[in-house]
Structures are given as structure tokens and as C-alpha cells.
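Peer 1: I am attaching a structure below and will ask some questions about it afterwards.
Numbering (this note's numbering), first residue to last: 421 to 947.
What follows is the structure, given as C-alpha cells:
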């Protein structure tokens, strides 16, 4: 829309088209002029060669020397000269006696008059070519000596073609030259139009000022935004290319701070977004980070020309949420224990009121011994307080959800400085949560947990009575991203896989004892 009478600047493609047309036309015209000049020069050279050959050949004809020595040279040579002129297509064949007087001429009234050209070089024995204006007008002519049988100079032969004939012949060839130049201009114009159309698609029809402003804004925004940004371009059937990667995206993905980014160097989950469906707030995991990803297709005139992918770092947030979940679990466990304690206290008080104090004491000490035994064992055998608290909380949480959770007797883990407490809580907590969810589908729901150190390896085994998970399903859960709106079990397993990969461990399933997942993480050194 044209507002205020302002004229919209011409696009880059339009400016290039006009520039190409002007340049190509000027080049074609100049080339045509140079070609005409060259052709004219070539025509003069060809004419000079022709008249020289005819003159030299005629001078060597015996009848010419004999005719010049005859009593009436004109009568003897005029028919021969005209015959040669007509046969060779030249404008004149003039035979001259040693005194420079014409004995033949295409115009009989010129016979007997002095030759109107230079004969000095021919008298010296060499053919001589020149451009001279004579009785027939300006012409290119060659004069050559004629020698008698005894070697004496008998006369001269001059052969020439007028400039007018050369010009007429050249003009007849001009349409061809003009046609070639016109065809060249037409071909270059068609090429310029095709180049302009392609450039218009590539620049989206924008003019130079718009492109400059877009680049300035684009560069400023890329460095200013706090989210990671990747722009993928399409190349037909070939793999997408990475056109733009801002500083934050390079940091989140662990890429080099400068230089091009090969498409194959990106995580597989991001590569699938380059040509896949549009997504919103999908969680993807790299080796060290939890990223919330969104992708949008870029379209121009109805076709997809690229994809924009945004990355938001939720690593710290996920860690805090994990700790919050643990705290929430502890709170729920305390609430459940408070509820159970209240029930037990009412039971004990009632038994005392009923006059059965011995049985009340026995009931109280028996329940306390079971709980205290687990607390004492975990406190003594597990050096990390957060892990011990997590296991105690999960036992009560599982009981409240109708699942029997057992921490095996061989659970024992000393200090593990190479694995932070946050990673331990993420690893064990997510495995137990997944196992509880899976066990609840069984008729006899149970979960069994073992955390121990074997030589220089930490081993975590979580078994449950659920349907289990195949190796393929586990591999898919470890690699793919999960939407925040989908089941969190998948995200939990992916977070576990992230921790295991970060510490160089392994994660596998075992078919024994129902369904079991085993994690092994090397710790270095011996206990």
C-alpha cells in the first residue's frame, strides 16, 4: 500500500535486473561496433590480397608482355583485360606501358591517359598496394611490373576494387551482424530475468534498505535474546542446513563460539525438528542440560523454506523441581507418619485405659523397633544423608500408595565425592518413582531397591512387580524428548540417562526378579 504518495523503493532483484540489462546491452552494442570495425578491416585485407593475386597472375600471362610490345597494345590487350575483370569480379584491370600510359581501361575514354597512381615501387620490381582515388573513385589497388622474355620491363598491370563495392558488400552482411547482436541481447536479457527472479525469491522481494535494517535488527536481536535460537534452511532433497545459531544456542549445545555449525553435529532430537512437525514446549535432553524446545516452520508463498527452533534452559529449574519433589515426598512421609503415630498413640492410650498396660507397651515397642531398625541401618550404611532420607521417605510414600517398598539388606554406600548428592537423588528417586508407578498395575505390588558399591563401581538396582521395559523401550526413553504435558515417567528415565551419561556409566534392564533396571557408575579407586 502506497501511503502519502511515497514511492516504494525498488527491490534488489529489480535493481539488479535493470543494471544487468543496461550492462549487457552496452556490452553487446560495443561488441557489435568492434565486430563491424574488425569486419571492415578484414574486408580491406581480403580485397588487398585478392587484387594482388589477380595483378601478379595477370602480369605473368605471356600474352600481356607480347601485347605490350605489339604495334597496337590496346587492340591486343583490351579484350583480355575485360575478360579477366569480369572473371575475377574486380572493378578494373588496367594495363600500363613503361611510360605510365594506360593501354586498357574499363572506360575506353580513359585509354591513352596517364595512370593515376604510384608506379615507383613497381618499377623497382615489387608489387605495390595502395588506397587511391582515381578515375573510378577511391579504390584498393595493386600495381605489379610486367617483364618481357628478355627480362626487360614491358609495362605494368594494375588491378583494383572500388571502396563503393566494398561498402556495398559490407552493408549486405550487416543484417546478419545485427541479428547476432540482437540475439545476444535477447539471450542475456532472458538470463537477467531468470537471475532476478531467483534473487527475488532469495531476498523475499525486499529492497536494499529493508535488507540492511533487517540485518541490523537480526544481529542485535540474536545477541540480545536470552533464549537459544537456531534457524534451519531447506535445500530441496538434501539435508537441511544450519543458517543461524545465536550465542545462547551455542552455549546450551556446547558448540564452538564461532564458525559454521554442521547439521550432523547437532543432537538427533534437534535434527528431527528441522523438517518435522511444529512443536511447543517439548523437553529435550542433552548430555548436560534439560532444554525446553519449540519449533515453527517458516513459509514463503505457501512453501516451507526453513524452520526456527528455540531453546530454553531448564536444567537448574528441573534440579530445583527434583529437590522440591523430594522435599514434598519427605513432607508427605512425615504427614503419613504423624497420622500413623496418632493412630498408634490412640491405640496405646485405649489399651492402658482398658487395664492392659503390658500389651500396650509391647505394641508400642514392637512398631517402634521396626521403623527404628530401618532408620538405623540406612543411617549407618549410607554415607550420603540426602540419599538415606530419600530412601526412608520413599518407603512411607510407597506404603501410602499401596506398594511394599523394600530396601535390601546389602544396601551400603560410602562417600562418593565424584557423584553430587543432587545427581544421586535424581538417579535413585526417578528410578523408584517409575518402579512404584509400574508396580501399582500388578496384583501384588512391590518394589525392591539396592544401592551398593562393588570395588570401584556404584550399582543401583531397582526391581518391581510391573510389566517391565524392553531394551528398545529403554533406549528410546533415554534418547528422545518428552513434552511437559505428557507422562513424566518418560522424562524421569531420560533424566536418569542424563546423569548416567554425565558420569560415564551404563543403564540396562534385567529380566530376572520381575522387571529390574540396573545402573553402574564408575567411581575410581577402591573403597
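Heads up, the beta-carbon is just placed ideally off N, CA and C, and yes, glycines get one too.
Leaving out five residues before and five after residue 851 in sequence, what residues of the same chain have Cβ atoms less than 7 Å from its Cβ?
Peer 2: Excluding positions up to five away in sequence, the list reads 880, 882, 916, 937.
Peer 1: Going straight from the alpha carbon of residue 461 to that of residue 682, what length do you get?
Peer 2: Rounded to whole angstroms, residue 461 to residue 682 spans 59 Å at the Cα level.
Peer 1: Along the chain, where does the alpha helix (DSSP H) containing residue 813 start, and where does it finish?
Peer 2: Segment 805-820, the alpha helix (DSSP H) holding residue 813.
Peer 1: Since residue 559 and residue 583 should fall inside the 8 Å C-beta cutoff, what is the C-beta to C-beta distance between them, to a whole number of angstroms?
Peer 2: Going by Cβ atoms, the distance from residue 559 to residue 583 rounds to 6 Å, so yes, they are a contact pair.
Peer 1: With respect to the alpha helix (DSSP H) encompassing residue 940, which residues constitute its N-terminal and C-terminal limits?
Peer 2: Here residue 940 belongs to no alpha helix (DSSP H); instead the beta strand (DSSP E) covers 935-942.
Peer 1: Using the rule of at least 16 other Cβ atoms within 10 Å of the residue's Cβ for burial, across every protein chain shown, is residue 578 buried or exposed?
Peer 2: Classification for residue 578: buried.
Peer 1: Can you look up residue 559 in the DSSP assignment and give me helix, strand or coil?
Peer 2: Note: residue 559 maps to strand in three-state DSSP.
Peer 1: Quick check: residue 545 and residue 488, are their CB atoms within less than 7 Å of each other?
Peer 2: No. Outside cutoff.
Peer 1: With DSSP collapsed to three states, give me the class of residue 771.
Peer 2: It is helical.
Peer 1: Looking at the secondary structure, which residues open and close the alpha helix (DSSP H) in which residue 859 lies?
Peer 2: Where residue 859 is concerned, the enclosing alpha helix (DSSP H) stretches over 841-859.
Peer 1: Alpha carbon to alpha carbon, how far is residue 448 from residue 596?
Peer 2: The alpha-carbon atoms of residue 448 and residue 596 are separated by roughly 14 Å.
Peer 1: With DSSP as the reference, label residue 682 as helix, strand or coil.
Peer 2: Looking at residue 682 - three-state DSSP - the assignment turns out to be coil, as it is neither helix nor strand.
Peer 1: Please report how far the alpha carbon of residue 877 lies from the alpha carbon of residue 834, in whole angstroms.
Peer 2: Their backbone Cα atoms lie some 12 Å apart in a straight line.
Peer 1: Using 10 angstroms around the beta-carbon of residue 854, count the other beta-carbons present and answer buried if the total reaches 16, otherwise exposed.
Peer 2: Result: buried.
Peer 1: Just checking my contact of residue 830 with residue 861 at CB under 8 Å: how many whole Å lie between their CB atoms?
Peer 2: Contact doesn't hold; Cβ gap of about 27 Å is too wide.
Peer 1: Please say whether residue 847 and residue 804 have beta carbons closer to each other than 7 Å?
Peer 2: Against a cut-off of 7 Å, the Cβ pair of residue 847 and residue 804 comes out as no contact.
Peer 1: Residue 923 to residue 943, Cα distance in whole Å?
Peer 2: Each residue's alpha carbon lies about 9 Å from the other.
Peer 1: Within 10 Å of its beta-carbon, does residue 823 have 16 or more other beta-carbons around it, so buried, or fewer, so exposed?
Peer 2: Buried, since its Cβ has 16 or more Cβ neighbours within 10 Å.
Peer 1: Nearest to residue 617 by alpha carbon, out of 939, 875, 928, 434?
Peer 2: Ranking 939, 875, 928, 434 by Cα distance to residue 617 puts 434 first.
Peer 1: In angstroms, rounded to a whole number, what distance separates the CA positions of residue 553 and residue 442?
Peer 2: In a straight line, the C-alpha of residue 553 is about 42 Å away from that of residue 442.
Peer 1: Skipping 5 residues on each side, what residues in its chain have a beta carbon closer than 6 Å to that of residue 832?
Peer 2: Hits under 6 Å: 801, 872.
Peer 1: Based on the DSSP output, what are the partners of residue 717 in its beta bridges?
Peer 2: For residue 717, which the question treats as bridged, DSSP gives the partners 727.
Peer 1: Please classify residue 580: is it buried, with 16 or more other beta-carbons within 10 angstroms of its beta-carbon, or exposed?
Peer 2: The residue in question, residue 580, is buried, as its Cβ has 16 or more Cβ neighbours within 10 Å.
Peer 1: Which runs of the beta strand (DSSP E) fall wholly inside the segment 463-546 and span at least 3 residues, in chain order?
Peer 2: You should have 512-516.
Peer 1: Let me know the secondary structure DSSP gives residue 889 once reduced to three states.
Peer 2: Residue state, collapsed to three classes: coil.
Peer 1: Can you tell me which of the three DSSP states residue 443 falls into?
Peer 2: Here residue 443 sits in helix by DSSP.
Peer 1: At the level of alpha carbons, what is the spacing between residue 825 and residue 818?
Peer 2: Residue 825 and residue 818: Cα-Cα distance of roughly 6 Å.
Peer 1: Between residue 551 and the rest of its own chain, which residues show a CB-CB distance below 6 Å, the 5 nearest in sequence each way excluded?
Peer 2: Cβ neighbours of residue 551 beyond the five flanking positions: 560.
Peer 1: Quick one: what's got a C-beta closer than 7 Å to residue 492's C-beta in the same chain, skipping five residues either side?
Peer 2: There are no such residues.
Peer 1: Closest by CA to residue 836, which one among 941, 889, 684?
Peer 2: The shortest Cα separation from residue 836 among 941, 889, 684 belongs to 941.
Peer 1: What separation, rounded to the nearest whole angstrom, lies between the Cα atoms of residue 686 and residue 680?
Peer 2: Distance between the alpha carbons of residue 686 and residue 680: 12 Å.
Peer 1: Please state the DSSP three-state secondary structure of residue 659.
Peer 2: Three-state result, residue 659: strand.
Peer 1: Can you give the beta carbon distance from residue 515 to residue 508, rounded, assuming they're within the 8 Å contact cut?
Peer 2: About 14 Å separates the two Cβ atoms, so there is no contact after all.
Peer 1: Taking 6 Å as the limit between beta carbons, can you name the residues of its chain near residue 650, skipping five residues before and five after?
Peer 2: Here the set comprises 665, 669, 729.
Peer 1: Look at the alpha carbon of residue 673 and the alpha carbon of residue 894, and state the distance between them as a whole number of angstroms.
Peer 2: Distance between the alpha carbons of residue 673 and residue 894: 24 Å.
Peer 1: Exposed or buried, what is residue 839 when buried is set at 16 or more other beta-carbons lying within 10 Å of its beta-carbon?
Peer 2: Residue 839 comes out buried.
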